[in-house]
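Below is one structure, written out as structure tokens, with a few remarks after it.
Numbering (my numbering), first residue to last: 245 to 352.
Structure follows, in structure tokens:
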């Protein structure tokens, strides 16, 4: 199992988002990093969901099907974990990452 920290930032003026994800091994060694800029998105909620999806994709690329995702957006995690919200745009976006399992820890 690996740990992946994710975060996102929004520029409403430029109508872009930036996302980042970093995967750590059990020994604290960095296994992979992903940084992206996407145009046309100005929702911070969607940006955070994209960051989580990017983190899950790093896990898949590293052949890990069990990862711990550590986002700083608790509302996104709740949207993915709550049955009534499981069809929300954010939950669907994150779940498009593929198969496997993931745990989330909300960072304060």
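From the three backbone atoms N, C-alpha and C, an ideal C-beta is built for every residue, glycine too.
#1: For residue 290 versus residue 246, is the C-beta spacing smaller than 9 Å?
#2: Could you tell me which residues DSSP puts in a beta bridge with residue 283?
#3: In three-state DSSP terms, what is residue 251?
#4: Can you tell me whether residue 284 is buried or exposed, with buried defined as 16 or more other CB within 10 angstroms of its CB?
#5: Using the three-state DSSP reduction, which class does residue 294 fall into: helix, strand or coil?
#6: Which first and last residues belong to the beta strand (DSSP E) in which residue 311 is found?
#7: Among the candidates 253, 267, 256, 251, whose CA atom is the shortest distance from the CA of residue 302?
#8: I'd like the list of long-range same chain contacts for residue 288, defined as Cβ closer than 6 Å, with 5 residues on each side in sequence excluded.
#9: Buried or exposed: residue 296, going by 16 or more other Cβ atoms within 10 Å of its Cβ?
#10: Check residue 246 in the structure and name its three-state DSSP category.
#11: Is it buried or exposed for residue 271, if we count other Cβ within 10 angstroms and need 16 for buried?
Straight from the coordinates:
#1: Within the chain shown, numbered from 1, the residue matching residue 290 stands at position 46. Within the chain shown, numbered from 1, the residue matching residue 246 stands at position 2. No, the Cβ-Cβ distance between residue 290 and residue 246 is not below 9 Å.
#2: As a first step, residue 283 is located in the chain shown; it is residue number 39 there, counting from the start. 260.
#3: Indexing the chain shown from 1 puts residue 251 at position 7. Reduced to three states, the DSSP call for residue 251 is strand.
#4: Taking the chain shown and counting its residues from 1, the one referred to as residue 284 is at position 40. So residue 284 ends up on the exposed side.
#5: Locating residue 294 in the chain shown gives position 50, counting from the first residue. Looking at residue 294 - three-state DSSP - the assignment turns out to be helix.
#6: As a working mapping, residue 311 is identified with position 67 in the chain shown. Looking at the DSSP string, the run of the beta strand (DSSP E) that includes residue 311 is 310 to 314.
#7: Within the chain shown, numbered from 1, the residue matching residue 302 stands at position 58. The residue with the shortest Cα to Cα distance from residue 302 is 267.
#8: The residue you call residue 288 lines up with position 44 of the chain shown. Excluding sequence neighbours, residue 288 sits near 254.
#9: Position 52 of the chain shown holds residue 296. Buried.
#10: For the purposes of this step, residue 246 is taken as residue 2 along the chain shown, with counting starting at 1. Three-state DSSP puts residue 246 in a strand.
#11: What you label residue 271 is simply residue 27 of the chain shown in a count that begins at 1. Exposed: under 16 other Cβ atoms inside 10 Å.
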